[in-house]
Amino acid sequence: EICKIKGNFFVRVGMMNPQWVKLILDDLIEVYKNEKIFKFLHLPLESGSDDILKLMNRGYKVEDFLEIVERFREEIPSLTLSTDIIVGFPSESNRDFEATVKIIKEVKPDVVNLSKFGPKPGTKAAKLKQLDPQIIKKRSRELHDLIKTVRLQCNRKWVGWGGEVLIDERGKDGFIARNFAYKPIVIPASKNLFGEFVKVKIVKAKSNYLVGRIGN
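Every letter in the sequence shown is one number past the one before it in the numbering used here, and letter 183, counting from 1, is 721.
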């Protein structure tokens, strides 16, 4: 119904649990094909280990995540994939951690929101035996470095792309825009362009953003 509204605008779909996405996968993909929907999928993985996902009570397995990603990428090749990872969950072994590393290397998400586990009072996880903080710190650092590398690889594929973008933020030395795949594009400009649609060409890639210039 939202996509039927007249006007030039984009809608970004928020985070979705793989447990429920797999139940509506075909219909969801069709919705994403609408030109008014950002081609941005926020699908949390949390861990590459089914054992850890079970302890987290996530309600899905790694294969569910992989199936959803594969289907989306088949239908929407330029999709931006965002996911979440928690490192250091109680009982996370070296094998569990390496399984997460393996998934990141293979899937290559555009965005990974990485967080270190911290026990919350009153939760089941808080009652479990906690990992050594130094182990969590080491694993977090390793993942952070990997994620940065993967993000740069993903962003470099966009260099040379040209098209219409929506300017939705003011930056330090200009503005920040989003293209159809919700990629952040820094545009140096002195003129107030906030809220406008402009055509840009991407000329440089950083790990966290792209740099564009106005014009084709």
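Note that the Cβ used here is the ideal one computed from N, Cα and C, for glycine as well.
Please read these numbers as outputs of a predicted model, since none were measured by experiment.
Suppose the cutoff is 7 angstroms on Cβ atoms and the five residues either side in sequence are ignored; what does the same chain contact list for residue i look like?
| i | result |
| --- | --- |
| Asp-711 | Pro-726 |
| His-682 | Leu-652 |
| Arg-611 | Leu-617 |
Taking the alpha-carbon of residue i as reference, which of the options has the nearest alpha-carbon?
| i | options | result |
| --- | --- | --- |
| Lys-574 | Leu-704, Met-554, Ala-743 | Leu-704 |
| Glu-608 | Phe-627, Leu-579, Asp-622 | Leu-579 |
| Asp-706 | Trp-699, Trp-696, Arg-679, Glu-734 | Glu-734 |
| Lys-560 | Glu-584, Gly-626, Val-600 | Val-600 |
| Lys-739 | Asn-746, Ile-752, Tyr-747, Ser-629 | Ile-752 |
| Lys-577 | Val-569, Leu-583, Ile-540 | Val-569 |
| Ser-620 | Val-645, Asn-632, Glu-630 | Val-645 |
| Tyr-720 | Glu-702, Ser-631, Gly-709, Gly-660 | Glu-702 |
| Lys-744 | Lys-695, Gly-656, Met-594 | Lys-695 |
Work out the CA separation of residue j and residue i for me, nearest whole Å.
| i | j | result |
| --- | --- | --- |
| Phe-603 | Lys-729 | 43 angstroms |
| Ile-673 | Pro-556 | 28 angstroms |
| Met-554 | Val-724 | 27 angstroms |
| Phe-548 | Asn-572 | 10 angstroms |
| Tyr-747 | Glu-605 | 27 angstroms |
| Gly-750 | Pro-647 | 22 angstroms |
| Val-697 | Lys-643 | 21 angstroms |
| Val-551 | Arg-633 | 33 angstroms |
In the DSSP assignment, what residue or residues form a beta bridge with residue i?
| i | result |
| --- | --- |
| Ile-590 | Paired residues: none, contrary to the question. |
| Leu-748 | Ile-723, Ala-743 |
Within a Cβ cutoff of 6 angstroms, which residues of the same chain sit near residue i, ignoring the five residues on either side of it in sequence?
| i | result |
| --- | --- |
| Trp-699 | Ile-740 |
| Leu-591 | Ser-585 |
| Asp-588 | Lys-599, Val-600 |
Once the 5 residues before and after residue i are set aside, which same chain residues still bring their CB inside 8 angstroms of it?
| i | result |
| --- | --- |
| Lys-742 | Val-697, Leu-748, Val-749 |
| Ile-714 | Ile-705, Asp-706, Glu-707, Arg-708, Pro-722, Ile-723, Val-724, Ile-725, Tyr-747 |
Counting Cβ pairs, one atom from each stretch, are 3 or more of them under 8 angstroms apart for the segment 604-622 and the segment 678-689?
Inter-segment contact for the segment 604-622 and the segment 678-689 is absent: fewer than three beta-carbon pairs are separated by less than 8 angstroms.
Assess contact between the segment 662-678 and the segment 624-643, defined as three or more Cβ pairs (one per stretch) separated by less than 8 angstroms. Is contact present?
yes
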